[in-house]
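Trainee: Going down the list, the sequences are from chains W and B. The numbering of the first sequence is this note's numbering, which starts it at 2 and goes up by one. The numbering of the second sequence is this note's numbering, which starts it at 110 and goes up by one. Provided herewith is a single structure, encoded as structure tokens, for subsequent inquiry.
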Amino acid sequence: KQEVTQIPAALSVPEGENLVLNCSFTDSAIYNLQWFRQDPGKGLTSLLLIQSSQREQTSGRLNASLDKSSGRSTLYIAASQPGDSATYLCAVRGAGNMLTFGGGTRLMVKP
Amino acid sequence: DAGITQSPRHKVTETGTPVTLRCHQTENHRYMYWYRQDPGHGLRLIHYSYGVKDTDKGEVSDGYSVSRSKTEDFLLTLESATSSQTSVYFCAISEKAEAFFGQGTRLTVV
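In structure tokens:
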């Protein structure tokens, strides 16, 4: 059974810092990995999708990497802003096209 | 935003009553999913569908059933609601690549 872990569970940083969120998974037989953002009381917004054959994806200040063999992904956020405050979730797509989620990292960026 | 609509957005119901949540998509995506999100448990898969009338169980399927009679609609039914089914329910769609989520349904069982 696939298990996905996100570390840290919570993070508080001052505005302007670069930061790294971590995601690890136990079964490397995945089709892709997706990072989401969730604001309180809202749905999930897709940030980045990395296919299993890719090493990284970039969108603006966000960069996600994937090391499938070691079961790890990182989400790098450059020059963090208060508007980046949210919960960040990673999910892997494996057998049966099911998405398995990590528990999330709750990020607070202080002005 | 991907064309996903969940209804209702909020519902309060009594223990023992049946409840049906609806997910409607306009993207013609093959895969549809129902998740529940609870503090301390994250997002857990209830049921999913890989085509019309093709469904399968997820991690926490007990007490839930689903139906998909049309590509665009995926219904989740709580056959006899219990307080443990109080949760936020999310529908998602995908076509083997990127997944998109609806805004969620907050269900309270009293």
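Yeah, the Cβ is synthetic: ideal placement off N, Cα and C, and Gly gets one too. Computed from a prediction, not measured in an experiment: that's the story for all the values here.
1) Going by the DSSP bridge assignment, what does residue 133(B) pair with across the sheet?
2) Please list the partners that residue 173(B) has in chain W, where partner means a Cβ-to-Cβ separation under 8 Å.
3) How should residue 94(W) be labelled, buried or exposed, when 16 other C-beta atoms within 10 angstroms of its C-beta is the threshold for buried?
4) Starting from residue 33(W), trace the beta strand (DSSP E) in both directions and tell me its first and last residue.
5) List the residues of chain W whose Cβ lies closer than 8 Å to the Cβ of residue 190(B), in chain order.
6) Whose C-beta lies closer than 6 Å to the C-beta of residue 131(B) among residues of the same chain, with five residues either side of it excluded?
7) Which first and last residues belong to the beta strand (DSSP E) in which residue 201(B) is found?
8) Taking the DSSP output, what are the residues bridged to residue 174(B)?
9) Ignore the nearest five residues each way along the sequence and tell me which others in residue 109(W)'s own chain have a CB closer than 6 Å to its CB.
10) Let me see if you follow: with CB-CB separation under 8 Å, is residue 54(W) close to chain B or not?
11) Extract the residue ranges of the beta strand (DSSP E) inside the segment 60 to 95 of chain W, only unbroken runs of 3 or more that lie entirely within it.
12) Does DSSP put residue 158(B) in a helix, a strand or coil?
13) Look at the Cβ atom of residue 26(W), then the Cβ atom of residue 152(B), and state whether they are nearer than 8 Å.
Mentor: Reading from the atomic positions:
1) Taking the second sequence and counting its residues from 1, one reaches residue 133(B) at position 24. Note: residue 133(B) sits in a beta bridge opposite 114(B), 182(B).
2) Looking up residue 173(B) in the second sequence gives position 64. Per Cβ cutoff of 8 Å: no residues; residue 173(B) is ~16 Å from chain W at best.
3) Your numbering for residue 94(W) matches position 93 in the first sequence. Classification of residue 94(W): buried, given that the 10 Å Cβ count is 16 or more.
4) On the first sequence, position 32 is the one that residue 33(W) refers to. Segment 33 to 39, the beta strand (DSSP E) holding residue 33(W).
5) The residue labelled residue 190(B) in the question sits at position 81 within the second sequence. The contacting residues do not exist; residue 190(B) stays about 22 Å from chain W at best.
6) Here the question's residue 131(B) lines up with position 22 in the second sequence. Contacts found: 116, 184.
7) Here residue 201(B) is taken as the residue at index 92 of the second sequence, counted from 1. Here the beta strand (DSSP E) through residue 201(B) covers 196 to 203.
8) Position 65 of the second sequence, counted from the first residue, corresponds to residue 174(B). 186(B), per the DSSP bridge assignment.
9) Indexing the first sequence from 1 puts residue 109(W) at position 108. These residues qualify, in order along the chain: 13, 86.
10) Looking up residue 54(W) in the first sequence gives position 53. Not an interface residue.
11) 63 to 68, 73 to 78, 87 to 94
12) Along the second sequence, one-based indexing puts residue 158(B) at 49. Correct three-state label for residue 158(B): strand.
13) Here residue 26(W) is taken as the residue at index 25 of the first sequence, counted from 1. Here residue 152(B) is taken as the residue at index 43 of the second sequence, counted from 1. Going by C-beta atoms, residue 26(W) is not nearer than 8 Å to residue 152(B).
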